[in-house]
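Chains as they are written, first to last, in this note's numbering: chain A, 1 to 343; chain B, 1001 to 1343. Here a beta-carbon is modelled for each residue, glycine too, at the ideal position from N, C-alpha and C. Fair warning: this is a prediction, and the values are worked out from it, not measured in the lab. Notes to accompany the following structure.
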């Protein structure tokens, strides 16, 4: 019997979804938290990052990361507070970021490799920022844009999912590097935010306007870098407007993740040939040894007031299944974060 | 009235083809060859290069080169002999390579930029080789592979259209650079040629075997570079077998050029993301200032006996319409060349 008297609520993968994840694809378990051994810690989950990539982790098959197994607690990056520690590395009260999983409590070795915990400082930025611009989405945007997209000052950068976690940072980093930046987002409110708050030069509302016309209007010098978070028809349309030697960063394809039919490949991919252009994938983990550099530059901009980020926070672990769907319906406005406990 | 008493037979584009080019898409004209002015030359066409890219030149719309206009002589690279000259650059009897067009005689300024003539030496290699390994297909293969594909010794290179003009050279250059090379071609005869004559490590007969199974068998270490001449299902299959950081060179998509429905985009393009891989187009003209370097290296290998090339020569200008179709039906075996006159 545990002396901690803590219950851990967990969302486990019950079935591999076909199309959109359904409530029955999840199995909720409640476990008592055991006493910990030397080297172990207990973390209370405060915030969980909900990301489009999670949909991919639920599928079987070879990918850039092992799929979540049936019966396993769903993988999720989160921020938590250390509430018990038998590790010299952590003190009760420390705030950490790592792969906590979709559960209210994490228990295990402090140096667990899969969890990959590191301390974060609540004094530097509000904690949800560590899941956004200062976390995985921010690093994905920063390194995907700069390393794969290689924008030069004066070039035109287009980013889809512009109001989303990655898109926000892509556009702002590109502005800081002297580029013209055009976003693509769904709805007037998101587009206004992207232009008025984040400082993009323009934003095309794909739900209410022609993306092709918008690109022609707002990219008078063509497109040099396209950072793609959505795939599908928008990718195909952008391909018709790229410049010679353009770089297309393939970060995601949220329009295709819940397909029950095959993914729609980019029919206009031969534009790569005509324009001697390049399409290249980015996986953030490849840049892990340089996260500090990226986060430091963004943190500096945040402190200077020249960089903003927005989170869309949903409260309650029990909201996880429906909150996840918000991503695929474009209902989140900013980085989607699930708050699991009060700070 | 001309003193040359020469008739020039010409194939002009009569209509933009829908799908496969039909006989009625061509209009044959016969013109008397005029007397030439100072600076002009007359060239008798000996050989014309028939290339998949010609299908693209017949379409309207922005591409890497101006489309052939309706009523214009069809564009074609060829080898010819100077039969009259009022230019100090050329003497009667010189052999030249350039954009002669699908016609029996070329007349105009010796320094015509669009024609881009340069002399070739029949003593160094048989003339059709200048349309193959020592010409555009060879340079496309050489620079596409080495500059875009960037193969390293020990890596595995796969090339489709392996028995075709570009494919032959891609595979042999890759072998010379120390790679494992696997071809994809249609039919046993072509595959045997590619392995036994050109020295590829293996060749998959896509008409009679599973490309996926073949790749698994012959690429035990996965695919590092894929040089794509065909697009369609083969590109999609290769995408499932690529390695981390693989490079896919988009040179052509012969399977898609005569589509009357939209091009089939690569449904598995998200493999680029999973594998942080790259897909990039090549247009040979970008390397024009370095053709000499590429041709010199290939010529050296030819002279050493470590490089072979095969041409499939069709006789007679009047065979042009049907010979062109051989490319799209995979009926040519080696670089397709139309011989227009005896040397």
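Interface flag, residue i vs chain A, CB-CB below 8 Å
{"i": "residue 995/B", "result": "Beyond the ends of chain B as shown, which are 1001 and 1343, falls residue 995/B; an answer cannot be given."}
{"i": "residue 1283/B", "result": "yes"}
{"i": "residue 1011/B", "result": "no"}
{"i": "residue 1242/B", "result": "no"}
Any C-beta of chain B under 8 Å from that of residue i
{"i": "residue 1/A", "result": "For residue 1/A, the predicted model reports a pLDDT of 47, less than 50, meaning its position is unreliable; a value from the coordinates is still stated below. Closer than 8 Å: no."}
{"i": "residue 165/A", "result": "no"}
{"i": "residue 75/A", "result": "no"}
{"i": "residue 229/A", "result": "no"}
{"i": "residue 51/A", "result": "no"}
{"i": "residue 264/A", "result": "yes"}
{"i": "residue 286/A", "result": "yes"}
{"i": "residue 255/A", "result": "no"}
{"i": "residue 146/A", "result": "no"}
{"i": "residue 149/A", "result": "no"}
{"i": "residue 64/A", "result": "yes"}
{"i": "residue 60/A", "result": "no"}
{"i": "residue 278/A", "result": "yes"}
{"i": "residue 101/A", "result": "no"}
{"i": "residue 272/A", "result": "yes"}
{"i": "residue 141/A", "result": "no"}
{"i": "residue 234/A", "result": "no"}
{"i": "residue 90/A", "result": "no"}
{"i": "residue 267/A", "result": "yes"}
{"i": "residue 346/A", "result": "Any property of residue 346/A remains undetermined from this structure, which presents chain A solely from 1 to 343."}
Backbone CA spacing between residue i and residue j [nearest angstrom]
{"i": "residue 115/A", "j": "residue 16/A", "result": "23 Å"}
{"i": "residue 337/A", "j": "residue 1154/B", "result": "46 Å"}
{"i": "residue 1328/B", "j": "residue 328/A", "result": "41 Å"}
{"i": "residue 1082/B", "j": "residue 1300/B", "result": "27 Å"}
{"i": "residue 73/A", "j": "residue 49/A", "result": "15 Å"}
{"i": "residue 45/A", "j": "residue 1271/B", "result": "33 Å"}
{"i": "residue 51/A", "j": "residue 324/A", "result": "8 Å"}
{"i": "residue 262/A", "j": "residue 69/A", "result": "23 Å"}
{"i": "residue 1094/B", "j": "residue 1119/B", "result": "7 Å"}
{"i": "residue 217/A", "j": "residue 1151/B", "result": "40 Å"}
{"i": "residue 1206/B", "j": "residue 315/A", "result": "55 Å"}
{"i": "residue 55/A", "j": "residue 65/A", "result": "12 Å"}
{"i": "residue 310/A", "j": "residue 1138/B", "result": "53 Å"}
{"i": "residue 156/A", "j": "residue 240/A", "result": "15 Å"}
{"i": "residue 1244/B", "j": "residue 249/A", "result": "16 Å"}
{"i": "residue 1276/B", "j": "residue 1200/B", "result": "27 Å"}
{"i": "residue 1170/B", "j": "residue 1280/B", "result": "16 Å"}
{"i": "residue 1326/B", "j": "residue 278/A", "result": "31 Å"}
{"i": "residue 59/A", "j": "residue 198/A", "result": "34 Å"}
{"i": "residue 269/A", "j": "residue 1290/B", "result": "27 Å"}
{"i": "residue 350/A", "j": "residue 14/A", "result": "An answer regarding residue 350/A cannot be provided, because it is not within the stretch 1 to 343 covered by chain A."}
For residue i, the nearest candidate out of the options (CA to CA)
{"i": "residue 173/A", "options": "37/A, 342/A and 297/A", "result": "297/A"}
{"i": "residue 1091/B", "options": "1061/B, 1244/B, 1225/B and 1040/B", "result": "1040/B"}
{"i": "residue 202/A", "options": "187/A, 180/A and 209/A", "result": "180/A"}
{"i": "residue 32/A", "options": "9/A, 50/A and 52/A", "result": "9/A"}
{"i": "residue 1210/B", "options": "1142/B, 1199/B and 1187/B", "result": "1187/B"}
{"i": "residue 183/A", "options": "152/A, 148/A and 219/A", "result": "219/A"}
{"i": "residue 121/A", "options": "145/A, 80/A, 113/A and 141/A", "result": "80/A"}
{"i": "residue 162/A", "options": "141/A, 240/A and 150/A", "result": "141/A"}
{"i": "residue 112/A", "options": "125/A, 98/A and 124/A", "result": "98/A"}
{"i": "residue 1192/B", "options": "1342/B, 1268/B, 1217/B and 1334/B", "result": "1334/B"}
{"i": "residue 96/A", "options": "107/A, 85/A, 117/A and 105/A", "result": "117/A"}
{"i": "residue 131/A", "options": "313/A, 318/A, 35/A and 225/A", "result": "313/A"}
{"i": "residue 36/A", "options": "67/A, 208/A, 13/A and 107/A", "result": "107/A"}
{"i": "residue 105/A", "options": "20/A, 47/A, 322/A and 149/A", "result": "47/A"}
{"i": "residue 1257/B", "options": "133/A, 24/A, 267/A and 164/A", "result": "267/A"}
{"i": "residue 1109/B", "options": "1101/B, 1085/B and 1125/B", "result": "1085/B"}
{"i": "residue 1063/B", "options": "287/A, 134/A, 22/A and 242/A", "result": "242/A"}
{"i": "residue 1303/B", "options": "1026/B, 1020/B, 1123/B and 1021/B", "result": "1123/B"}
{"i": "residue 1282/B", "options": "1148/B, 1236/B and 1255/B", "result": "1148/B"}
Inter-residue CB distance, residue i and residue j (contact presumed, cutoff 8 Å)
{"i": "residue 294/A", "j": "residue 229/A", "result": "Going by Cβ atoms, the distance from residue 294/A to residue 229/A rounds to 18 Å, so no, they are not a contact pair."}
{"i": "residue 53/A", "j": "residue 252/A", "result": "7 Å"}
{"i": "residue 1264/B", "j": "residue 232/A", "result": "Rounded, the Cβ-Cβ distance is 15 Å, inconsistent with contact."}
{"i": "residue 158/A", "j": "residue 284/A", "result": "Going by Cβ atoms, the distance from residue 158/A to residue 284/A rounds to 20 Å, so no, they are not a contact pair."}
{"i": "residue 225/A", "j": "residue 246/A", "result": "7 Å"}
{"i": "residue 287/A", "j": "residue 143/A", "result": "4 Å"}
8 Å Cβ cutoff, residue i in contact with chain D
{"i": "residue 1275/B", "result": "Absent from the structure is chain D; the protein chains it does hold are A and B."}
At what residue ranges does the region 175-214 of chain A contain a whole run of the alpha helix (DSSP H), taking only runs of 4 or more? 188-192
Output the residue ranges of the alpha helix (DSSP H) runs that lie fully inside the region 17-101 of chain A and measure 4 residues or longer, sorted by chain position. 53-57
So within the region 1233-1318 of chain B, which uninterrupted beta strand (DSSP E) runs reach at least 3 residues, ignoring any that extend past its ends? 1242-1250, 1278-1281 and 1311-1315
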